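Chains as they are written, first to last, in this note's numbering: chain P, 29 to 254; chain D, 29 to 254.
Data block below; observations after.
Protein chains: 2
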Amino acid sequence: MNVYRYEENPLITPIDVKPHHDNYEVIGAFNAGITKYNDEIIMLLRVAERPIIEDVNIVKAPIYNPQTNELDILEFRSDDPTYDFSDPRVIRVAGDKEGFKYLTSLSYLRIARSKDGHQFTVDEKPFVYPSNELETFGIEDPRITKIDDTYYIYFSAVSPVGVGESMVSTKDFVTTEHHGMIFAPENKDVLIFPEKINGKYYAIHRPVPKSVGMPEMWIAESTNLL
Amino acid sequence: MNVYRYEENPLITPIDVKPHHDNYEVIGAFNAGITKYNDEIIMLLRVAERPIIEDVNIVKAPIYNPQTNELDILEFRSDDPTYDFSDPRVIRVAGDKEGFKYLTSLSYLRIARSKDGHQFTVDEKPFVYPSNELETFGIEDPRITKIDDTYYIYFSAVSPVGVGESMVSTKDFVTTEHHGMIFAPENKDVLIFPEKINGKYYAIHRPVPKSVGMPEMWIAESTNLL
C-alpha cells in the first residue's frame, strides 16, 4: 500500500481558529485527537493562545486561576537574569536546561467538525478548558478512545506540580464528566486501547523519570480505566 | 504524651546481618517495614550489600542478572573522567548532579523476627529478592499493609529504566505472589491505607516529576489495589 501526504494540507492552521481570550492570539492548532461521532469527523484540537505581544521587552505567562476561572498574566522583563527566555515556548530558571518554570502560552481543547474529513469547521468555544489546580498551565495533546457509547478524552494536564495525564468522558460532545488524573506526573502520551484484553483495559503511557532512566513507552492495565 | 527514644537503639545494625552474597559486605540494614504476624513482630529490612573493596582505585556496581539470577559486577577506575564517584552510594555521569547511572550496592528485603519487639533475629536468607528486569539495581524501602489475611509488601524497584513501586503479597511470610509495578517511574514512598474508604483503596505516593514540579505527596485511589 502506498500512502501519500494529502495535498490540501494543512487541514487547519492557527488562522482558522478565533482566539477565545480577548487580546490573545492563537499560535498553535495542533496535536489533535480524532474520532467519529454520528455522521461527523471530530478533530479535537490542542489550541495554544498567548497574550498579544505589545512590548518585545516583556515576556508574559498566562496562568489559569481556578478561583476566578480567568487567566492571570505574569510579566517578566526579557533581560531579567533570573530566567532563561531562549526557548519562546517556555520560561526557564537560568541554568536549568531541561525543565521549565512557566509556559508562554495556554492550551485548551477545541472541536473542529467535518462531514467529509477534508473541510473542517472550528467550534466557537473551547470544549475542554482548564478547570482545576492541576491544569493552571493548560491542557494539551488530547487523544480519544471510544468504548461502548462513551468517548474517553485524555490529555496532558500541566501545572506547577507537574505534567500528568487527566481524563474526561462524553457521550455527546456537549457535556463532559471529569475523571481526574489517571497517570501522575510526570507522564504523557497516553493511548487507551479501545477493547478489553482478557477482561482488562490497557493503555500505553510514557512516564518521564528523573533520577535514572529515559522517557520510554510503558504499558498499564486497569479494571476500571482509572 | 511524651515519647522517648528507645535506649537499646539501634535494634539492628549491619553487623547483625550476614551477607547473602559471597565476597560482599552488608553496608546497610535500614528503612524497614513493620507488621505483626501471629505472635511475631516482623521487621522487613532493606539490606544493602556491596562487593568487598579490594582496590580503592576500583569502583564496583553490582547488577542483578534476570537470566542467570546472579549478580554481575561492573568495574570502573575511580579516575575515569566519564563518571562522578563523589557520592559513594552512586555512580553518576560526570556533570549530572541529580540523577545516577549505577548504584554501588544492591538492596533486597530480609526479615528480622522478634517476640518482644526488642530482640530481633535476622533470617538467614532474603525474603524478597530482585527477580526481573525492573529490579536489576535492587529493591528498597519496603512498607507493609495487612488487608484481611493478606500482607501487601511494596517497595522501590530500581533499574536502568527508572525507580518505580512494585508489590508482592504473602499470607505466611514464606511464599509470595508478585503483582508487578503498581506506580510507574519515577515514584516511591508509597503507603497503602489498611481499610477501604467509600469502597475504594487509597494510597499516598510520591511521584518525582522532571520537567516542572517537585517531589510531592499525592493520593491515589484504586478499586483493586493495582
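Even for Gly, the Cβ is constructed at its ideal location relative to N, Cα and C.
All values derive from a computational prediction rather than experimental measurement.
Discussion item. Here's a check: name, in chain order, each residue in its chain whose Cβ is nearer than 8 Å to the Cβ of SER133 of chain P, leaving out the five neighbours to either side.
Written reply: Translated into positions along the first sequence, residue 133 of chain P becomes position 105. Closer than 8 Å at the Cβ level, and outside the excluded window around SER133 of chain P, lie ILE55, GLY56, ALA76, GLU77, ARG78, PRO90, ARG117 and GLY166.
Discussion item. By the DSSP assignment, the beta strand (DSSP E) with GLY192 of chain D in it spans what residues?
Written reply: Reading the second sequence from its first residue, position 164 is the one you call residue 192 of chain D. Element bounds for GLY192 of chain D: 190-198.
Worksheet item: Between the region 178-198 of chain P and chain D, which residues of the former have CB atoms less than 9 Å from a CB of the latter, in chain order?
Response: VAL186, SER187, PRO188, VAL189, GLY190, VAL191 and GLY192
Discussion item. Checking the sheet assignment: what are the DSSP bridge partners for MET71 of chain P?
Written reply: Taking the first sequence and counting its residues from 1, one reaches residue 71 of chain P at position 43. Looking at the DSSP assignment, MET71 of chain P forms a beta bridge with P:ILE62 and P:ALA140.
Discussion item. Per DSSP, what are the beta-bridge partners of VAL156 of chain P in this structure?
Written reply: One-based indexing of the first sequence puts residue 156 of chain P at position 128. Beta-bridge partners of VAL156 of chain P (DSSP): P:LEU137.
Item to complete: With a threshold of 16 other CB atoms inside 10 Å of the CB of LYS174 of chain D, please say whether the residue is buried or exposed.
Response: On the second sequence, residue 174 of chain D is found 146 positions in, with the first residue counted as 1. Exposed, by the Cβ-count rule.
Worksheet item: Mind pulling the chain D residues with CB within less than 8 Å of LYS238 of chain P?
Response: Taking the first sequence and counting its residues from 1, the one referred to as residue 238 of chain P is at position 210. The contacting residues are GLU126, GLY127, GLU214, VAL236, PRO237 and LYS238.
Item to complete: Could you say if the region 44-55 of chain D and the region 143-159 of chain D meet the contact criterion of at least three C-beta pairs nearer than 8 Å?
Response: yes
Worksheet item: Which residues in the same chain have their Cβ closer than 7 Å to the Cβ of ILE119 of chain D, if we skip the five residues on either side of it in sequence?
Response: Here the question's residue 119 of chain D lines up with position 91 in the second sequence. Excluding sequence neighbours, ILE119 of chain D sits near VAL87, ALA89, PHE104, TYR111, PHE113, PHE128, LYS129, TYR130 and THR132.
Discussion item. Checking 8 Å against the spacing of the C-beta atoms, do SER197 of chain D and MET209 of chain D come in under that value?
Written reply: Locating residue 197 of chain D in the second sequence gives position 169, where the first residue counts as 1. Locating residue 209 of chain D in the second sequence gives position 181, where the first residue counts as 1. No, they are not a contact pair.
Item to complete: Check whether the Cβ atoms of THR164 of chain P and TYR92 of chain P sit closer than 8 Å, and answer yes or no.
Response: To locate residue 164 of chain P, count along the first sequence from 1; it is residue 136. To locate residue 92 of chain P, count along the first sequence from 1; it is residue 64. For THR164 of chain P and TYR92 of chain P, yes; Cβs fall inside 8 Å.
Worksheet item: Applying a beta-carbon distance threshold of less than 7 Å, which residues of chain D neighbour GLY241 of chain P?
Response: As a first step, residue 241 of chain P is located in the first sequence; it is residue number 213 there, counting from the start. What GLY241 of chain P touches in chain D: PRO188, VAL189, GLY190 and PRO213.
Worksheet item: By Cβ distance, which residues of its chain are closer than 8 Å to GLY190 of chain P, with the 5 residues on each side in sequence left out?
Response: Translated into positions along the first sequence, residue 190 of chain P becomes position 162. Here the set comprises ALA212, PRO213 and GLU214.
Item to complete: At 7 Å on the CB atoms, spell out the chain P contacts of GLU205 of chain D, in chain order.
Response: On the second sequence, residue 205 of chain D is found 177 positions in, with the first residue counted as 1. Ordered by position in chain P, no residue passes the 7 Å Cβ test against GLU205 of chain D, which lies about 16 Å from the chain.
Worksheet item: From what residue to what residue does the beta strand (DSSP E) around MET209 of chain D run?
Response: Taking the second sequence and counting its residues from 1, the one referred to as residue 209 of chain D is at position 181. Taken as a continuous stretch (DSSP letters only), the beta strand (DSSP E) holding MET209 of chain D covers 205-211.
Fill in: Boundaries (first-last residue) of the beta strand (DSSP E) holding PRO235 of chain P
Here residue 235 of chain P refers to the residue found at position 207 of the first sequence. For PRO235 of chain P, the enclosing beta strand (DSSP E) starts and ends at 229-235.
Discussion item. For chain D, check one thing: does any of its Cβ atoms lie closer than 8 Å to the Cβ of GLU244 of chain P?
Written reply: Reading the first sequence from its first residue, position 216 is the one you call residue 244 of chain P. Yes, GLU244 of chain P counts as interfacial toward chain D.
Fill in: Of the listed residues P:ASP200, P:HIS48 and P:SER187, nearest to ILE80 of chain P (C-alpha basis)
The residue you call residue 80 of chain P lines up with position 52 of the first sequence. That would be P:HIS48, whose Cα lies nearest to the Cα of ILE80 of chain P.
Practice prompt. Check ASP112 of chain D in the structure and name its three-state DSSP category.
Written response: As a first step, residue 112 of chain D is located in the second sequence; it is residue number 84 there, counting from the start. Note: ASP112 of chain D maps to strand in three-state DSSP.
Worksheet entry | Status (buried if at least 16 other CB within 10 Å, exposed otherwise) for LYS143 of chain D | Position 115 of the second sequence, counted from the start, is the residue given in the question as residue 143 of chain D. The residue is exposed, with fewer than 16 neighbouring Cβ atoms inside 10 Å.
Worksheet entry | PRO38 of chain P in three-state terms, based on DSSP | For the purposes of this step, residue 38 of chain P is identified with residue 10 of the first sequence, where counting begins at 1. It is coil, neither helix nor strand.
Worksheet item: Leaving out the 5 sequence neighbours to the left and right, which residues in its chain are closer than 6 Å to ASN59 of chain D when beta-carbon positions are compared?
Response: Locating residue 59 of chain D in the second sequence gives position 31, where the first residue counts as 1. So the qualifying residues of the chain are ARG74 and ASP169.
Discussion item. Give me the DSSP bridge partner(s) of ASN215 of chain P.
Written reply: Within the first sequence, numbered from 1, the residue matching residue 215 of chain P stands at position 187. Bridge partners of ASN215 of chain P: P:PRO235.
Worksheet entry | Enclosing beta strand (DSSP E) for PRO170 of chain D [first to last residue] | One-based indexing of the second sequence puts residue 170 of chain D at position 142. Per DSSP, PRO170 of chain D belongs to the beta strand (DSSP E) from 166-175.
Fill in: Nearest neighbour of LYS64 of chain D, chosen from D:PHE201, D:ASP107, D:LEU39 and D:MET245 [CA to CA]
Along the second sequence, read from residue 1 onward, the residue named residue 64 of chain D stands at position 36. Among D:PHE201, D:ASP107, D:LEU39 and D:MET245, the Cα nearest to that of LYS64 of chain D belongs to D:PHE201.
Worksheet item: What in chain P is Cβ-close to THR164 of chain D, meaning under 8 Å?
Response: Translated into positions along the second sequence, residue 164 of chain D becomes position 136. The contacting residues do not exist; THR164 of chain D stays about 11 Å from chain P at best.
Discussion item. Counting only Cβ pairs nearer than 9 Å, list the residues of chain P close to ASN97 of chain D.
Written reply: Counting from 1 along the second sequence, the entry for residue 97 of chain D is found at position 69. The contact set of ASN97 of chain D on chain P, defined by CB atoms closer than 9 Å, is empty, because the minimum CB distance reaches about 22 Å.
Practice prompt. Please check if any C-beta of chain P sits within less than 8 Å of the C-beta of ASN59 of chain D.
Written response: Within the second sequence, the letter at position 31 stands for residue 59 of chain D. Not closer than 8 Å to any Cβ of chain P, the Cβ of ASN59 of chain D fails to qualify, so no.
Worksheet item: Can you tell me the Cα-Cα spacing of GLU35 of chain D and HIS146 of chain D, whole angstroms?
Response: One-based indexing of the second sequence puts residue 35 of chain D at position 7. One-based indexing of the second sequence puts residue 146 of chain D at position 118. Each residue's Cα considered, the two are about 11 Å apart.
Worksheet item: So, LEU219 of chain P versus LEU137 of chain P, is the Cβ gap smaller than 8 Å?
Response: By one-based count along the first sequence, residue 219 of chain P stands at place 191. By one-based count along the first sequence, residue 137 of chain P stands at place 109. Contact: no.
Discussion item. Residues of chain P with CB closer than 7 Å to the CB of ASN252 of chain D, please, in chain order.
Written reply: Position 224 of the second sequence, counting from 1, holds the residue named residue 252 of chain D. What ASN252 of chain D touches in chain P: THR251.
Worksheet item: ILE43 of chain D by DSSP, collapsed to three states: which one?
Response: For the purposes of this step, residue 43 of chain D is identified with residue 15 of the second sequence, where counting begins at 1. ILE43 of chain D: helix per DSSP, three-state reduction.
Discussion item. Could you give the first and the last residue of the continuous beta strand (DSSP E) run that contains PRO243 of chain P?
Written reply: In the first sequence, the residue the question calls residue 243 of chain P occupies position 215. First-last for PRO243 of chain P: undefined, no H or E at that position.
Discussion item. Can you give me the C-alpha to C-alpha distance between HIS207 of chain D and LEU254 of chain D, rounded to a whole angstrom?
Written reply: Position 179 of the second sequence holds residue 207 of chain D. Position 226 of the second sequence holds residue 254 of chain D. Taking the CA atoms as reference points, HIS207 of chain D sits about 8 Å from LEU254 of chain D.
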